[in-house]
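Take a look at the structure set out below.
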Amino acid sequence: MDFLTGKPLSDTISDTLFKAEKELIIISPYIQISSYLRENIFKRHLNNPKLHIIIGFKSYKDDNIFGFRGSGLEYFLNFPNLTLVYIPQLNAKYYANERQSIITSMSLSSYPIVNSIDLGVFINKKSNLIVKDSLYETSKNTIMDMIDSGYTVFVKRPNYGSNFLGFGKKYIGDTVYLNLLDDVIANRNIELIRYSLLTSEILR
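Residue numbering for the sequence shown follows our numbering, beginning at 32 and increasing consecutively.
Structure follows, in C-alpha coordinates:
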(Lines of atoms letter the chains of each structure in order from A and count residues from 1; the text may use other names and numbers.)
(Lines give C-alpha, C1' and ligand atoms only; values in the text may rest on other atoms or scores of the structure.)
Protein backbone atom coordinates (compact mmCIF):
# COMPACT_ATOMS: atom_id res chain seq x y z
CA MET A 1 0.00 0.00 0.00
CA ASP A 2 1.31 3.45 -0.95
CA PHE A 3 0.11 6.97 -0.18
CA LEU A 4 0.38 9.12 -3.32
CA THR A 5 -0.05 12.69 -4.47
CA GLY A 6 1.03 14.83 -7.41
CA LYS A 7 2.55 13.15 -10.47
CA PRO A 8 2.94 9.70 -8.84
CA LEU A 9 -0.81 9.70 -8.18
CA SER A 10 -1.61 10.84 -11.71
CA ASP A 11 0.70 8.22 -13.23
CA THR A 12 -0.74 5.43 -11.06
CA ILE A 13 -4.31 6.23 -12.09
CA SER A 14 -3.25 6.22 -15.74
CA ASP A 15 -1.42 2.92 -15.24
CA THR A 16 -4.44 1.33 -13.55
CA LEU A 17 -6.77 2.34 -16.38
CA PHE A 18 -4.34 1.45 -19.15
CA LYS A 19 -3.34 -2.02 -17.92
CA ALA A 20 -6.86 -3.37 -17.39
CA GLU A 21 -7.30 -6.62 -19.33
CA LYS A 22 -10.35 -8.42 -17.92
CA GLU A 23 -12.05 -5.93 -15.61
CA LEU A 24 -12.00 -2.18 -15.10
CA ILE A 25 -13.97 -0.63 -12.23
CA ILE A 26 -14.62 3.11 -12.17
CA ILE A 27 -16.41 4.55 -9.14
CA SER A 28 -17.04 8.30 -9.21
CA PRO A 29 -19.99 10.59 -8.39
CA TYR A 30 -19.69 12.31 -11.77
CA ILE A 31 -18.47 10.68 -14.98
CA GLN A 32 -16.61 13.25 -17.02
CA ILE A 33 -13.53 12.06 -18.92
CA SER A 34 -10.70 14.36 -19.94
CA SER A 35 -9.76 14.45 -23.63
CA TYR A 36 -6.29 13.20 -22.67
CA LEU A 37 -7.71 10.00 -21.15
CA ARG A 38 -10.08 9.46 -24.06
CA GLU A 39 -7.31 9.64 -26.63
CA ASN A 40 -4.45 8.02 -24.73
CA ILE A 41 -6.12 5.42 -22.49
CA PHE A 42 -9.72 4.55 -23.27
CA LYS A 43 -9.30 4.55 -27.04
CA ARG A 44 -7.13 1.47 -26.52
CA HIS A 45 -10.04 -0.35 -24.87
CA LEU A 46 -12.80 0.83 -27.20
CA ASN A 47 -13.04 -2.33 -29.32
CA ASN A 48 -11.98 -4.86 -26.69
CA PRO A 49 -14.93 -7.14 -25.83
CA LYS A 50 -12.84 -9.09 -23.30
CA LEU A 51 -12.64 -6.11 -20.95
CA HIS A 52 -15.70 -5.72 -18.71
CA ILE A 53 -16.07 -2.10 -17.60
CA ILE A 54 -18.15 -1.52 -14.46
CA ILE A 55 -19.04 2.09 -13.65
CA GLY A 56 -20.71 3.25 -10.44
CA PHE A 57 -21.98 6.85 -10.59
CA LYS A 58 -24.33 9.37 -8.98
CA SER A 59 -24.86 11.70 -11.94
CA TYR A 60 -23.81 12.00 -15.56
CA LYS A 61 -22.86 15.66 -15.00
CA ASP A 62 -21.01 17.69 -12.37
CA ASP A 63 -22.69 21.06 -13.00
CA ASN A 64 -25.49 22.64 -15.02
CA ILE A 65 -23.37 23.15 -18.14
CA PHE A 66 -23.03 19.59 -19.36
CA GLY A 67 -25.97 17.52 -20.51
CA PHE A 68 -25.95 13.81 -21.24
CA ARG A 69 -24.73 14.40 -24.78
CA GLY A 70 -20.96 14.62 -24.63
CA SER A 71 -20.80 13.31 -21.07
CA GLY A 72 -18.54 10.52 -19.93
CA LEU A 73 -21.49 8.15 -19.65
CA GLU A 74 -22.52 8.74 -23.26
CA TYR A 75 -18.92 8.11 -24.30
CA PHE A 76 -18.79 4.75 -22.49
CA LEU A 77 -21.94 3.54 -24.24
CA ASN A 78 -19.68 2.86 -27.24
CA PHE A 79 -17.84 0.09 -25.37
CA PRO A 80 -18.96 -3.52 -26.02
CA ASN A 81 -18.85 -4.95 -22.48
CA LEU A 82 -20.33 -2.44 -20.05
CA THR A 83 -22.31 -2.28 -16.80
CA LEU A 84 -23.56 1.03 -15.37
CA VAL A 85 -24.78 1.22 -11.77
CA TYR A 86 -26.57 4.27 -10.37
CA ILE A 87 -25.62 4.91 -6.71
CA PRO A 88 -27.51 8.00 -5.44
CA GLN A 89 -25.49 8.42 -2.23
CA LEU A 90 -22.09 7.99 -3.87
CA ASN A 91 -19.35 10.40 -2.81
CA ALA A 92 -16.19 8.34 -3.37
CA LYS A 93 -13.71 7.75 -6.17
CA TYR A 94 -12.11 4.37 -6.82
CA TYR A 95 -10.38 2.94 -9.89
CA ALA A 96 -9.28 -0.68 -10.23
CA ASN A 97 -8.29 -3.42 -12.60
CA GLU A 98 -7.78 -7.10 -11.84
CA ARG A 99 -4.33 -6.46 -10.30
CA GLN A 100 -4.40 -3.07 -8.58
CA SER A 101 -6.70 -0.40 -7.19
CA ILE A 102 -6.58 3.18 -6.02
CA ILE A 103 -8.86 5.14 -3.69
CA THR A 104 -8.46 8.83 -4.42
CA SER A 105 -9.88 12.34 -4.42
CA MET A 106 -8.91 12.81 -8.08
CA SER A 107 -11.60 12.74 -10.77
CA LEU A 108 -11.01 11.62 -14.35
CA SER A 109 -12.15 15.00 -15.66
CA SER A 110 -9.16 16.75 -14.06
CA TYR A 111 -6.53 14.36 -15.45
CA PRO A 112 -3.69 15.20 -15.73
CA ILE A 113 -3.45 17.23 -12.52
CA VAL A 114 -3.36 20.98 -13.14
CA ASN A 115 -3.36 23.46 -10.24
CA SER A 116 -5.04 21.07 -7.82
CA ILE A 117 -3.95 18.97 -4.86
CA ASP A 118 -5.24 15.40 -4.82
CA LEU A 119 -4.43 12.40 -2.65
CA GLY A 120 -4.72 8.67 -3.18
CA VAL A 121 -4.03 5.28 -1.60
CA PHE A 122 -2.67 2.66 -4.00
CA ILE A 123 -3.14 -1.07 -3.34
CA ASN A 124 -1.31 -3.64 -5.44
CA LYS A 125 -2.53 -7.23 -5.50
CA LYS A 126 0.18 -9.64 -4.40
CA SER A 127 1.01 -12.52 -6.72
CA ASN A 128 1.40 -15.02 -3.86
CA LEU A 129 -1.18 -17.75 -4.54
CA ILE A 130 -0.84 -19.28 -1.07
CA VAL A 131 -1.29 -16.16 1.07
CA LYS A 132 -4.32 -14.06 0.15
CA ASP A 133 -3.85 -10.32 -0.16
CA SER A 134 -6.37 -9.35 2.51
CA LEU A 135 -6.15 -5.58 1.93
CA TYR A 136 -6.76 -5.82 -1.82
CA GLU A 137 -9.53 -8.40 -1.38
CA THR A 138 -11.19 -6.45 1.45
CA SER A 139 -11.22 -3.21 -0.52
CA LYS A 140 -12.50 -5.00 -3.65
CA ASN A 141 -15.26 -6.77 -1.70
CA THR A 142 -16.30 -3.48 -0.09
CA ILE A 143 -16.56 -1.83 -3.50
CA MET A 144 -18.55 -4.74 -4.95
CA ASP A 145 -20.96 -4.51 -1.99
CA MET A 146 -21.33 -0.79 -2.75
CA ILE A 147 -22.04 -1.58 -6.40
CA ASP A 148 -24.58 -4.21 -5.37
CA SER A 149 -26.41 -1.66 -3.20
CA GLY A 150 -27.05 0.52 -6.25
CA TYR A 151 -29.40 0.38 -9.21
CA THR A 152 -28.09 -1.44 -12.27
CA VAL A 153 -29.32 0.75 -15.13
CA PHE A 154 -27.38 -0.38 -18.20
CA VAL A 155 -25.97 -3.73 -19.29
CA LYS A 156 -24.29 -4.46 -22.62
CA ARG A 157 -22.46 -7.68 -23.42
CA PRO A 158 -20.49 -8.91 -26.46
CA ASN A 159 -21.72 -11.65 -28.77
CA TYR A 160 -19.41 -14.29 -30.22
CA GLY A 161 -19.54 -16.60 -33.21
CA SER A 162 -17.34 -19.50 -34.28
CA ASN A 163 -14.18 -18.94 -36.25
CA PHE A 164 -13.48 -20.77 -39.51
CA LEU A 165 -13.87 -24.55 -39.06
CA GLY A 166 -15.20 -23.96 -35.55
CA PHE A 167 -11.85 -23.26 -33.91
CA GLY A 168 -12.09 -20.57 -31.24
CA LYS A 169 -14.57 -17.72 -31.31
CA LYS A 170 -14.76 -14.22 -32.72
CA TYR A 171 -16.52 -11.07 -31.62
CA ILE A 172 -19.51 -10.40 -33.90
CA GLY A 173 -21.31 -7.58 -32.12
CA ASP A 174 -23.04 -6.82 -28.84
CA THR A 175 -26.44 -6.82 -27.18
CA VAL A 176 -27.97 -4.29 -24.77
CA TYR A 177 -29.87 -6.30 -22.16
CA LEU A 178 -30.90 -3.39 -19.93
CA ASN A 179 -31.18 0.36 -20.48
CA LEU A 180 -32.79 2.57 -17.83
CA LEU A 181 -30.68 5.65 -18.54
CA ASP A 182 -33.67 7.68 -19.71
CA ASP A 183 -35.16 7.21 -16.24
CA VAL A 184 -31.93 8.39 -14.63
CA ILE A 185 -31.75 11.46 -16.86
CA ALA A 186 -35.42 12.31 -16.23
CA ASN A 187 -35.01 11.70 -12.48
CA ARG A 188 -37.81 9.12 -12.49
CA ASN A 189 -38.22 6.24 -10.07
CA ILE A 190 -35.97 3.34 -11.05
CA GLU A 191 -36.54 -0.35 -10.54
CA LEU A 192 -33.96 -1.79 -8.15
CA ILE A 193 -31.97 -4.36 -10.11
CA ARG A 194 -28.96 -5.52 -8.13
CA TYR A 195 -25.73 -6.31 -9.93
CA SER A 196 -25.35 -9.65 -8.13
CA LEU A 197 -28.80 -10.80 -9.28
CA LEU A 198 -28.24 -10.30 -13.00
CA THR A 199 -28.80 -13.58 -14.81
CA SER A 200 -25.85 -15.80 -15.61
CA GLU A 201 -26.74 -15.46 -19.29
CA ILE A 202 -26.13 -11.72 -19.19
CA LEU A 203 -22.97 -12.00 -17.10
CA ARG A 204 -21.39 -14.72 -19.19
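Each residue gets a CB set at the ideal place from its N, CA and C atoms; glycine is no exception.
Cα atoms of residue 112 and residue 133: separation of roughly 22 Å, rounded to the nearest angstrom. Boundaries for residue 167: no beta strand (DSSP E) harbours it, while the alpha helix (DSSP H) harbouring it runs 165 to 180, taken from the DSSP string. Considering only 192, 62 and 75, the residue with the shortest C-alpha distance to residue 46 is 75.
Between residue 191 and residue 200, the C-beta spacing is below 8 Å. Counting the other CB atoms within 10 Å of its CB gives residue 44 a total of 16 or more, which places it among the buried residues. When the alpha-carbon of residue 148 is set against those of 181, 138 and 156, the nearest one is in 138.
Residue 205 has 189 as its beta-bridge partners, per DSSP.
A direct Cα-to-Cα measurement between residue 124 and residue 135 gives close to 6 Å.
Minimum Cα-Cα distance from residue 82 among the listed residues 62, 60, 56 and 61 corresponds to 56.
For residue 216, the closest C-alpha among the options 48, 91, 79 and 78 is that of 91. Rounded to whole angstroms, the gap between the alpha carbons of residue 226 and residue 40 is 30 Å. Between residue 205 and residue 219, the C-beta gap is not smaller than 8 Å, which leaves the two residues out of contact. The three-state reading of DSSP puts residue 150 in strand, counting E and B together. Following the DSSP letters along the chain, one finds residue 117 inside the beta strand (DSSP E) bounded by residues 113 to 117.
One alpha carbon belongs to residue 35, the other to residue 120, and they sit about 26 Å apart.
Straight through space, the alpha carbons of residue 155 and residue 37 are spaced by roughly 19 Å. In this structure, 89 is the residue among 77, 51, 141 and 89 with its C-alpha nearest to the C-alpha of residue 178. Here residue 115 is buried, its C-beta having at least 16 other C-beta atoms within 10 Å. For residue 53, the CB contacts under 6 Å within the same chain, skipping 5 residues up- and downstream, are 129 in chain order. DSSP places residue 40 in the uninterrupted alpha helix (DSSP H) bounded by 37 to 49. For residue 88, the enclosing beta strand (DSSP E) covers residues 83 to 88.
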